[in-house]
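Participant: Sending over a structure as structure tokens; questions will come in a sec.
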Amino acid sequence: MSFSPSLPSPVSEASQAEANTRTRNDSRQEQEENDHYQSASSEIIATCIEPTFSVSSSNQQQLHVPFQVRMTPPIVNMFCLQPILQVIPTRIFCELFSRNVISTVDLNCPLDLKRISLQVRNAEYNPKRFAAVIMRIRRPRTTALIFASGKMVCTGAKSEEDSLEAARRYARVIQKLAFPVKFRDFKIQNMVGSIDVKFPIRFEKIILEHYQYCSYEPEIFPGLIYRIVKPKVALLIFVSGKIVLTGAKVRRDMHEAFEKIYPILKQCRK
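Per this note's numbering, residue 2 is the first one in the sequence shown, and the count goes up by one each step.
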């Protein structure tokens, strides 16, 4: 018995062609996704390694600073959905904190300093050395200089709120001694902050490029003094990367000054 060869079915041929077309489309789509992933990854890695700045000198005379750094918006990693900081690392910026806040207040009445020193604990008065009572409290841990005219200087606070609270406590202590004290004209005079940028710095390049803002005399002081005009803040820069900021009236001025000096320090790192 002989069998005739079976003819291919039209339905099976159509299914096979459709499967081949789907396979080619899937391969092409996968290749496009891989290419897109590679290009995006390369761009993000390059941005992280070497951040880009755009320097604008049109407003140089208005700002009175060496130059204005206009930061590009933070790039968002499409794969992990986390913003990538281009200029100042978050861990460094968060370490900027105030070391000392100095404030003044007027108690609006003349004071008997000798009487205050005799009746108040933690109070010192030596008119031959200094014409003010030195008073201390523990919470917040501060020191006050109280003058006979009624003026008072409060130092040692870590924040503006602590400085205000300490000044009010000193005023209450003096008020309990039957002085007609009034709390007038409280004002923050100076804020001192510190930060560590975590890399060594070359002073030579800073002095050459920004000499009009720098003062460096290693025989007198080991740090470089860099003065920013706006905001009016002075920075003490050390070779180790540690920086002290002083002269600010509010905390925002310290943050703004550090945002302006950090790109300069990054260019002058060893």
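By construction, the Cβ of each residue, glycine as well, lies at the ideal position given by its N, Cα and C atoms.
1. Using alpha carbons as the reference points, say which of Ile175, Arg142, Met153 and Val174 lies closest to Lys159.
2. Does the stretch 227–236 come into contact with the stretch 248–256, if we say contact requires no fewer than three beta-carbon pairs (one atom in each stretch) closer than 8 Å?
3. I'd like to confirm the pairing. Which residues does DSSP put opposite Asp163 in its beta bridges?
4. What span of residues does the alpha helix (DSSP H) with Tyr263 cover, start to end?
5. Measuring CA to CA, which of Ser150, Leu112, Ala168 and Val198 is closest to Gly242?
6. Would Leu108 and Ala172 qualify as a contact pair, given that the criterion is a beta-carbon distance under 8 Å?
7. Are the beta-carbon atoms belonging to Ile238 and Lys261 less than 8 Å from one another?
8. With the cut-off set at 8 Å, would you say Gly194 and Leu246 are in Cβ contact?
9. Mind checking which residues open and close the alpha helix (DSSP H) that includes Gln115?
10. Just how far apart, CA to CA, sit Glu205 and Lys177?
11. Name the DSSP bridge partner or partners of Cys215?
12. When DSSP builds the beta bridges, which residues end up paired with Phe131?
13. Can you grab the Cα-Cα spacing for the pair Leu266 / Glu161, in whole Å?
14. So, Val240 versus Ile202, is the Cβ gap smaller than 8 Å?
15. Can you give me the C-alpha to C-alpha distance between Arg169 and Phe184, rounded to a whole angstrom?
16. Beta-carbon separation of Ile135 and Ala149 under 8 Å?
17. Where Asp186 and Gly157 are concerned, what is the direct C-alpha to C-alpha distance, given to the nearest angstrom?
18. DSSP has Arg185 in a bridge; who is on the other side?
19. Using 8 Å as the threshold, is the C-beta distance between Ile207 and Ile244 below it?
Facilitator: According to the structure data:
1. Arg142
2. yes
3. Paired residue(s): none; Asp163 is not in a bridge.
4. Arg252 to Gln268
5. Val198
6. yes
7. no
8. yes
9. Here the sequence assigns Lys to residue 115, which means Gln is not the residue at that position. Looking at the DSSP string, the run of the alpha helix (DSSP H) that includes Lys115 is Leu114 to Gln120.
10. 57 Å
11. Tyr227
12. Asn127
13. 28 Å
14. yes
15. 8 Å
16. no
17. 19 Å
18. Asp107
19. no
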